[in-house]
Amino acid sequence: MTETTQTRTPDSRPTGGLSAQYQPGEVEQRRYETWVSAGYFTADPASDKPAFSIVIPPPNVTGSLHIGHALDHTIQDTLSRLKRMQGFEVLWLPGMDHAGIATQNVVERQLAGQRLSRHDLGREKFVEKVWEWKAQSGGAILGQMRRLGDSVDWSRERFTMDEGLSRAVQTIFKRLYDDSLIYRANRIINWCPRCLTALSDIEVEHTDDEGELISIRYGDGDNAIVVATTRAETMLGDTAVAVHPDDERYRHLVGTEVELPLTGRRIPIVADEHVDPSFGTGAVKVTPAHDPNDFEIGQRHSLPSITIMDERAVVTVPGPFEGLDRYEARPAIVDALREQGRIVAEKRPYLHSVGHCSRCKTTVEPRLSLQWFVNTAPLAKKAGDAVRDGRVTIEPAELAKRYFAWVDNMHDWCISRQLWWGHRIPVWYGPDGEVVCVGPDEQPPTGDGWRQDEDVLDTWFSSALWPFSTMGWPEQTPELEKFYPTSVLVTGYDILFFWVARMMMFGLYAMDDVQPFDVVNLHGMVRDGHGKKMSKSFGNVVDPLDWIDRYGADATRFTLARGANPGSDVPISEEWCQGSRNFCNKLWNATRFALMNGVTVEGPLPDKTELSAIDKWILSRLEHVIGEVDELFATYEYAKVCDTLYHFAWDDVCDWYLELSKPVLASENAGTTQRVLGHVLDQLLRLLHPVIPFVTEELWIALTGGETVTKAAWPTADKELIDDAAEEELAALQKVVTEVRRFRSDQGLKPTQRVTAALTGLGNVGIDTHEPLIRSLARLDRPSAGFTATATLAVTGGITVDLDTRGTIDVAAERARLEKDRAAAEKELAQSRAKLGNDAFLAKAPEQVVAKIKDRLATAEADLTRIAAALDGLPTT
RNA sequence: GGGCGCGUAGCUCAGCGGGAGAGCACUCGCCUUACAAGCGAGGGGUCGCAGGUUCGAAACCUGCCGCGCCCA
């Protein structure tokens with residue numbers, strides 16, 4: 001980065017104490033503390049205002065703020081601040097989930113450093129340790145959220161393991177149990193042999209991995225059948241071979257038995273519809289205890305299930321392979337089979353889909369075990385219907401398809417985890433096989449032989465209750481009364497299944513069919529400046545705190561929001577963040593300029609009759625922008641909100657309105673413009689505040705002397721201020737100024753070099769009164785006696801600028817410029833002529849379109865005439 | 001294998017039936033008393049390919065090619 005140089009003498013006019021550059025570091029912490037201590041973010045359930053509520057998708061207690069959170073929170077904060085300004089009673093409720101596996105892993109790793117395992121401590125002591133860890137090191141993210149500016153209600157911070165939320169968990173468990181929507185069964189589940197716990201389907205990530213495909217001959221002679229498998233080691237647990245019933249190759253073998261090699265067991269050959277005859281040899285080995293599909297086949301054919309591995313995926317079958325883990329057992333077994341001449345084919349590498357634990361990436365081992373499940377079908381049906389019948393809207397709507405695909409085909413949800421950190425399953429088992437589910441106010445059975453289920457619940461089980469458990473459910477609280485259902489859930493589309501579906505299921509179930517949120521606003525994943533996924537191995541991960549340190553929270557937020565187009569991922573790069581920082585600085589300096597020039601927000605806007613066309617124009621533009629921003633927010637178009645405000649602020653306000661206002665502000669007639677500029681900046685800062693809260697707060701207070709922009713009223717569009725005539729005038733003015741500037745640039749005239757020029761034809765477009773302004777912006781002096789033009793500019797609209805460039809002009813440059821203009825005009829002319837020469841076009845195109853083309857043709861013709869004249873007037877050399 | 005989405009300027013993306021746009025990058029000229037984190041001007045695209053619909057297609061339809069994601 002280059003050092004900035006300050007060569008100008010400091011301006012002595014009052015600046016409201018604003019330095020020449022915005023320094024976010026000096027503003028952010030101070031402002032945030034003021035906001036929180038003033039209670040601006042504290043929600044009042046007794047308020048008369050309409051409610052707007054968001055519960056934060058609870059981050060993991062072990063986690064820290066990553067760029068995905070930063071995006072998610074920026075959106076939530078933007079909505080919260082917007083609604084607060086719009087007069088809603090806003091609750092944005094913060095908190096964290098207890099992250100069963102992740103947190104237990106962290107603490108176990110700590111213990112391992114002292115050569116201890118959780119079993120050395122025992123369950124009670126271990127859980128105490130985890131709470132200690134949470135108190136000391138957990139929840140780093142909460143502090144980081146303050147850096148980002150999150151306007152959450154800290155007085156209502158919640159944690160999924162809190163007493164109240166735990167009570168909610170037990171309540172819902174008991175209800176579901178009593179409604180037979182929770183059951184315990186022996187099923188094939190996803191097992192992580194490292195975390196030593198069951199996982200739900202969506203905690204498993206599938207990747208295409210290189211493995212091997214081994215074809216093994218079972219049986220001998222006429223009876224032989226060849227099966228293909230990627231998991232040869234599981235053959236020890238085979239209890240059948242399956243073929244497709246229509247497969248001619250094997251029809252004669254169905255119903256017979258073969259000997260399973262290495263074991264001496266005889267297993268049947270069964271026919272099953274689900275076998276794919278085109279895979280491998282068309283015959284598959286069936287291992288019901290170690291493969292979900294095989295388990296199904298086993299069920300259909302009443303096959304026994306033989307578990308051949310323990311919870312660490314170590315072979316337990318007595319014999320030569322006992323004690324080998326699954327990856328040692330595989331080659332050993334293949335070797336043994338090869339020695340027997342039973343290996344028919346070996347394919348390596350063989351690419352196939354493999355499931356991994358989403359926490360630790362260990363390959364998941366399908367495992368037959370006794371677990372608790374939620375019977376999701378009836379719950380999922382309602383969750384789908386709530387979206388189908390419009391009670392809940394998914395934004396963007398295209399993602400609803402994915403939602404339906406999930407909820408309409410949901411498997412039962414395995415909710416038991418073999419962990420100690422979490423909500424323990426409230427079920428007691430008696431000495432005579434009794435099973436008692438205990439509700440929150442009930443006493444568990446006591447006496448000999450009674451024991452509680454050892455497992456805890458999936459973290460997502462408690463997270464699914466978050467929209468109402470955080471508000472005090474199952475008590476009927478004022479918070480629930482006021483703020484449930486929540487207004488919107490903001491989260492990444494990758495969380496659609498984790499969050500949205502499960503919160504919908506439980507919310508509708510627990511809250512008498514009232515949905516947990518009205519709108520689901522899904523955003524994409526944050527990617528790097530080339531659209532690549534961020535990953536540590538790529539080294540392209542952005543730390544939002546680093547950006548906040550170097551560019552400010554506002555710049556970081558603006559960069560994220562500006563990339564957040566509905567449904568698509570959000571690319572960001574440091575250069576763009578610099579641009580956002582620059583934008584904040586631009587606002588800073590525009591306000592600084594305004595303060596140096598005596599702007600005011602006092603009193604009503606001057607009457608329209610007192611306003612100049614310039615003032616009317618910027619007010620008209622402002623009204624358009626307010627309307628656009630409202631529409632864009634209503635459709636969750638954050639990127640376009642940012643874009644609209646960026647261009648209004650930078651182009652309209654700074655590049656044109658401020659420049660045009662300079663001569664007025666320096667004159668005796670500054671009053672009106674001082675008031676209008678004050679108004680425009682006041683409104684602009686309000687409009688930007690939801691996205692970039694810090695700099696707008698600092699500037700708005702400096703500008704208005706008000707208490708805080710966080711509570712200022714959101715601008716409302718006033719159609720009375722829209723002024724088409726003023727907008728047309730300004731467009732014409734801009735055109736003239738830009739044309740002169742282009743000429744000057746092409747001619748290599750220094751910006752400081754004033755040029756004498758005569759302007760004619762301004763009255764054609766009604767901008768003759770703006771001649772002084774045009775001269776000011778284009779740096780043109782009035783002609784004096786003896787003025788002779790050395791060049792002539794023809795501007796669309798019949799305006800002519802005759803310039804005296806004091807000496808020679810660069811004829812070649814000027815000719816090139818005119819030739820370029822001519823080419824453009826000729827292209828325009830040809831296109832319009834072609835259209836107007838087409839009878840079908842004239843007959844079928846709408847009138848306005850035809851009129852527009854005619855107009856374009858006329859303009860092109862007039863331009864060509866003027867350009868030709870200018871070219872003719874050039875000296876020939 | 002099933003489903004969804006995307007290919008528009010060097011990069012990242014808007015536009016989704018009537019004149020090809022933005023930000024950044026690039027070129028040229030500037031300390032023009034708010035801002036060099038700035039100002040002014042400029043260059044740059046047969047809108048993936050091929051058909052079709054239409055007076056008119058970047059946009060709608062079909063096919064193909066390439067890329068990505070989700071599910072199995």
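Everything in the first sequence is counted per the UniProt record's numbering, starting at 1 for the first residue and increasing by one. Every residue, glycine too, gets a C-beta built ideally from N, C-alpha and C.
Do residue j and residue i count as a contact pair if the criterion is CB distance below 8 angstroms?
i: Pro94; j: Ile56; result: yes
i: Asp389; j: Arg417; result: no
i: Val364; j: Leu196; result: no
i: Trp406; j: Ala501; result: yes
i: Thr362; j: Lys285; result: no
i: Asp276; j: Ile297; result: no
i: Ile75; j: Ser487; result: no
i: Tyr638; j: Ala757; result: no
i: Gln578; j: Leu622; result: no
i: Ala283; j: Ile225; result: yes
i: Ala732; j: Gly627; result: no
i: Ser832; j: Leu871; result: no
i: Ile867; j: Arg822; result: yes
i: Thr559; j: Ile572; result: yes
Kindly identify the DSSP beta-bridge partner or partners of residue i.
i: Asp209; result: His352
i: residue 878; result: The requested residue 878 is not part of the displayed model; the chain covers only 1 to 877.
i: residue 878; result: Because the chain spans 1 through 877 in this model, residue 878 falls outside it and cannot be assessed.
i: Met410; result: Partner(s): none; Met410 has no beta bridge.
i: Glu257; result: Pro268
i: Phe159; result: Met96
i: Ala712; result: DSSP lists no partner for Ala712.
i: Val755; result: Leu780
i: Phe52; result: Val90
i: Asn60; result: Asp97
How would you call residue i, buried or exposed, if buried means at least 16 neighbouring beta carbons within 10 angstroms?
i: Asp11; result: The predicted position of Asp11 is uncertain, since its pLDDT is 45 and thus under 50; no value can be drawn from it.
i: Gln515; result: buried
i: Ser661; result: buried
i: Ala869; result: exposed
i: Ser463; result: buried
i: Cys642; result: buried
i: Thr160; result: buried
i: Arg8; result: Confidence is the limiting factor: at Arg8 the pLDDT is only 40, short of 50, which leaves the residue's position unreliable and the question unanswerable from this model.
i: Glu89; result: buried
i: Gln144; result: buried
i: Gln104; result: buried
i: Trp131; result: exposed
i: His689; result: buried
i: Cys357; result: buried
i: Pro349; result: exposed
i: Ser19; result: exposed
i: Leu370; result: exposed
i: Glu475; result: exposed
i: Glu248; result: exposed
i: Asp153; result: buried
i: Thr865; result: exposed
Write down the C-beta distance between residue i and residue j rounded to the nearest angstrom, noting that I regard them as a contact closer than 8 angstroms.
i: Val241; j: Ile267; result: 7 angstroms
i: Ala613; j: Glu729; result: 5 angstroms
i: Ala590; j: Leu703; result: Not a contact, Cβ separation roughly 10 angstroms.
i: Leu379; j: Met511; result: Contact doesn't hold; Cβ gap of about 13 angstroms is too wide.
i: Thr393; j: Asp518; result: 7 angstroms
i: Ala70; j: Leu148; result: 6 angstroms
i: Thr800; j: Thr760; result: 5 angstroms
i: Ile308; j: Gly237; result: 4 angstroms
i: Gly63; j: Thr459; result: With a Cβ gap of about 13 angstroms, Gly63 and Thr459 do not count as contacting.
### Task
Kindly provide the ranges of any beta strand (DSSP E) runs that are 3 or more residues long and lie completely inside the region 300–374, ordered along the chain.
Counting only runs of 3 or more, we get 343–357 and 365–374.
### Message
Restricting to runs no shorter than 4 residues, where is the alpha helix (DSSP H) found entirely within the UniProt domain "Aminoacyl-tRNA synthetase class Ia" (449–572)?
### Response
Inside the UniProt domain "Aminoacyl-tRNA synthetase class Ia" (449–572), DSSP marks whole alpha helix (DSSP H) runs of 4 or more residues at positions 459–463, 466–469, 478–483, 502–510, 544–551 and 553–563, from first to last along the chain.
### Task
Ignoring anything shorter than 4 residues or poking outside the UniProt domain "Valyl-tRNA synthetase tRNA-binding arm" (810–874), list the alpha helix (DSSP H) runs there in chain order.
Counting only runs of at least 4 residues, the UniProt domain "Valyl-tRNA synthetase tRNA-binding arm" (810–874) fully encloses the following alpha helix (DSSP H) elements, listed from N- to C-terminal order: 811–836, 839–844 and 847–873.
### Task
Give, in chain order, every unbroken run of the alpha helix (DSSP H) that is at least 4 residues long and sits entirely within the region 600–679.
Within the region 600–679, the runs of alpha helix (DSSP H) that reach at least 4 residues and sit entirely inside it are, in chain order, 613–634, 638–647 and 659–665.
### Message
Extract the residue ranges of the alpha helix (DSSP H) inside the region 97–139, only unbroken runs of 4 or more that lie entirely within it.
### Response
Those alpha helix (DSSP H) runs which fall completely within the region 97–139 and span 4+ residues are 100–113, 118–121 and 123–137.
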